[in-house]
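Residue numbers (this note's numbering): 1 to 369.
We put the beta carbon where it would ideally sit given N, CA and C, even for glycine.
Structure record follows, encoded as structure tokens.
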Amino acid sequence: MNPLLPPSSKPPPQGRLRFFHPMLAGATARERFIGCIGALACIGLTGLICAVMLGNGPQLPLLVAPMGASAVLLFAVPSSPLAQPWAIIGGNTLSAFAGYAAGQIIPNPIMAAGAAVAFGIGIMSIARCLHPPGGAAALTVALGGPAVAKWGALFPLVPVGLNSCILVLLGIFFHRLTRRPYPHRPAPVVNPHGTTDPAPADRVGPRQEDVDAALARLGTTFDIAPQDLQQLLHEIEVQALVRTHADLRCEDIMSRDVISVRPDATPAHAQALLLDHDIRTLPVLDEHGHLLGTIGLRDLLRPAVTVADILASAQTADADQPAATLLPVLTDGRTHAVIVTDASGRVAGIISQTDLLGTLGRAPFSREA
1 MNPLLPPSSK PPPQGRLRFF HPMLAGATAR ERFIGCIGAL ACIGLTGLIC AVMLGNGPQL
61 PLLVAPMGAS AVLLFAVPSS PLAQPWAIIG GNTLSAFAGY AAGQIIPNPI MAAGAAVAFG
121 IGIMSIARCL HPPGGAAALT VALGGPAVAK WGALFPLVPV GLNSCILVLL GIFFHRLTRR
181 PYPHRPAPVV NPHGTTDPAP ADRVGPRQED VDAALARLGT TFDIAPQDLQ QLLHEIEVQA
241 LVRTHADLRC EDIMSRDVIS VRPDATPAHA QALLLDHDIR TLPVLDEHGH LLGTIGLRDL
301 LRPAVTVADI LASAQTADAD QPAATLLPVL TDGRTHAVIV TDASGRVAGI ISQTDLLGTL
361 GRAPFSREA
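What follows is the structure, given as structure tokens:
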């Protein structure tokens, strides 16, 4: 699958099937299945490891109930700020300490239960580790029981803290095994030229201060990092542009008379082609016309005997791909051209920044609502 192609979208199911439509944005049946497998494997392994470390005695449960809720976040919504490692470990452990303190200070169980959850929310907020299952951990410790009475002030560490640490470590391993990014880190917004200006794609449209102002005006809390929200808004703009220009394909705007170079050519020859034709990117082709990579003036600054020694990886696209999908890559500040290839990897054309922006600037926008 070409990485520049937008993911296919389907309309929400109608009728009875709507009950199976995911309630969270971005959730798919595949992601939910992976989440179920992760919870099955890692909760079971957490209990097994604790049994080996602590023994299976009645005085100490292998797993505390809040771990089930933590697993829901960790495996079903791993990009949530509430599901990150410090949120799980710090949230559960600190809240358990808050619950123990409330149980010791307040003799009335009902009042202690309410205070435990309130103290838990407060300490998690201060420590920046808000985690909903932490409320259950605080309540569990405040209400007490044989295990809590047996271990006393150590209960927040063992088993609550130990369970949390093991579950997080197993979760990190599982997500890497399934190639899901965890811990989640919002994509950094960096100017590729190393200046203080915003990145080219961020100079218009929603900025971080706009997101912050909108959140302040709405006066509510969303389960998404502000940086992720800004990235989502930019992606929505791109997808709207792709929809507006859906009929404009790469084959409609690509240059077909492609100036290219062979991998055994000298850097001096490649530089001459770039300067003579006033272009910034040369596709490097083998004897059968298959794309091997690209070469540009920046690459030519490195010492080399042949072009093959310094060629760079190429950004590619399909001929029938919507041309507007190339906008993010051609405005990233690094890529100056995208190579259009066929199914066999042979070069069919090339689209430069000028080709795309010049075409979009002249193409009429759809009046469709």
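Under 7 Å between C-beta atoms of residue i and residue j
i: Gly345; j: His290; result: yes
i: Leu311; j: Val284; result: yes
i: Val340; j: Met254; result: yes
i: Ala142; j: Gly91; result: no
i: Ala98; j: Gly114; result: no
i: Ala87; j: Cys129; result: yes
i: Ser80; j: Ala137; result: no
i: Val307; j: Val261; result: yes
i: Leu73; j: Ala83; result: yes
i: Cys165; j: Ile89; result: yes
i: Pro263; j: Leu300; result: no
i: Gly69; j: Ala39; result: A small correction: the amino acid at residue 69 is Ala; Gly does not occupy that position in the sequence shown. No, Cβ-Cβ distance for Ala69 and Ala39 is not below 7 Å.
i: Ser313; j: Gly333; result: no
Straight-line gap, residue i to residue j (C-alpha atoms, nearest Å)
i: Leu360; j: Thr244; result: 10 Å
i: Ser9; j: Asp228; result: Low confidence applies to Ser9: its pLDDT is 49, below 50, so where it sits in the model is not reliable, and the reading given next is rough at best. Whole-angstrom Cα-Cα distance: 21 Å.
i: Pro181; j: Ala319; result: 31 Å
i: Asp257; j: Leu274; result: 14 Å
i: Gln353; j: Leu326; result: 9 Å
i: Ser366; j: Ile37; result: Any reading at Ser366 must be qualified, since the residue scores a pLDDT of 43, below 50, and its modelled position is unreliable; the value itself is stated next. Their Cα atoms are separated by approximately 44 Å.
i: Gly26; j: Leu241; result: 20 Å
i: Asp355; j: Arg302; result: 28 Å
i: Gly44; j: Val168; result: 13 Å
i: Leu147; j: Asn108; result: Sequence inspection shows Ala at residue 147; the Leu mentioned does not correspond to that position. Each residue's Cα considered, the two are about 20 Å apart.
i: Glu368; j: Ala317; result: For Glu368, the pLDDT reaches just 40, beneath the cut-off of 50, and the residue's location in the model is therefore unreliable, although a value from the coordinates is still provided. Using only the alpha carbons, I get a separation of about 27 Å.
i: Pro226; j: Pro159; result: 33 Å
i: Thr93; j: Ile123; result: 11 Å
i: Thr221; j: Val204; result: 26 Å
i: Ala118; j: Pro133; result: 13 Å
i: Gly151; j: Asp223; result: Looking at the sequence provided, one finds Trp at residue 151 rather than Gly. If you take the alpha carbons of Trp151 and Asp223, they lie about 35 Å apart.
i: Pro85; j: Phe33; result: 22 Å
i: Asp210; j: Ala116; result: 37 Å
i: Cys250; j: Ala323; result: 5 Å
i: Glu31; j: Glu287; result: 43 Å
i: Leu357; j: Thr195; result: 23 Å
i: Ser125; j: His131; result: 9 Å
i: Met53; j: Met111; result: 35 Å
i: Thr140; j: Pro206; result: 43 Å
i: Ala343; j: Gln321; result: 13 Å
i: Val347; j: Ala51; result: 59 Å
i: Phe155; j: Pro183; result: 27 Å
i: Gly145; j: Glu235; result: 50 Å
i: Thr178; j: Ile106; result: 46 Å
i: Gly35; j: Pro186; result: 21 Å
i: Thr46; j: Arg176; result: 18 Å
i: Ala246; j: Ile351; result: 17 Å
i: Asp212; j: Gln239; result: 23 Å
Rounded distance between the beta-carbons of residue j and residue i, thought under 8 Å
i: Val77; j: Leu24; result: 7 Å
i: Gly135; j: Phe75; result: Contact doesn't hold; Cβ gap of about 20 Å is too wide.
i: Leu63; j: Asn163; result: 6 Å
i: Thr335; j: Gln315; result: 5 Å
i: Thr370; j: Ala337; result: Outside the shown range of the chain, which is 1 to 369, sits residue 370, and nothing can be said about it.
i: Ala29; j: Tyr100; result: Wrong, their Cβ atoms sit about 41 Å apart, outside the cutoff.
Closer than 6 Å: residue i CB and nearest the ligand MN heavy atom
i: Ala39; result: Annotation note on the ligand MN: not contained in the displayed structure, which lists no ligands.
Self-check item: Contained alpha helix (DSSP H) runs [length at least 4] in the stretch 198-258, N- to C-terminal order
Solution: Whole alpha helix (DSSP H) segments, 4+ residues: 208-218, 226-244, 250-253.
Quiz prompt | Ordered list of beta strand (DSSP E) runs contained in the stretch 274-304, each at least 3 residues | solution = As far as the stretch 274-304 is concerned, its whole beta strand (DSSP E) runs of at least 3 residues are 282-285, 291-295.
Practice problem: Could you tell me whether the stretch 261-275 touches the stretch 220-238, where touching means 3 or more Cβ pairs closer than 8 Å? | Solution: Too few Cβ pairs lie closer than 8 Å, so no.
Self-check item: Secondary structure, alpha helix (DSSP H): runs of 4+ residues fully inside the stretch 134-178
Solution: Within the stretch 134-178, the complete alpha helix (DSSP H) runs of at least 4 residues are 146-151, 162-177.
Quiz item: Residue ranges of each alpha helix (DSSP H) run of no fewer than 4 residues wholly in the stretch 30-80, ordered along the chain?
Solution: Under the rule that a run must span 4 or more residues, the alpha helix (DSSP H) segments found entirely inside the stretch 30-80 read 66-76.
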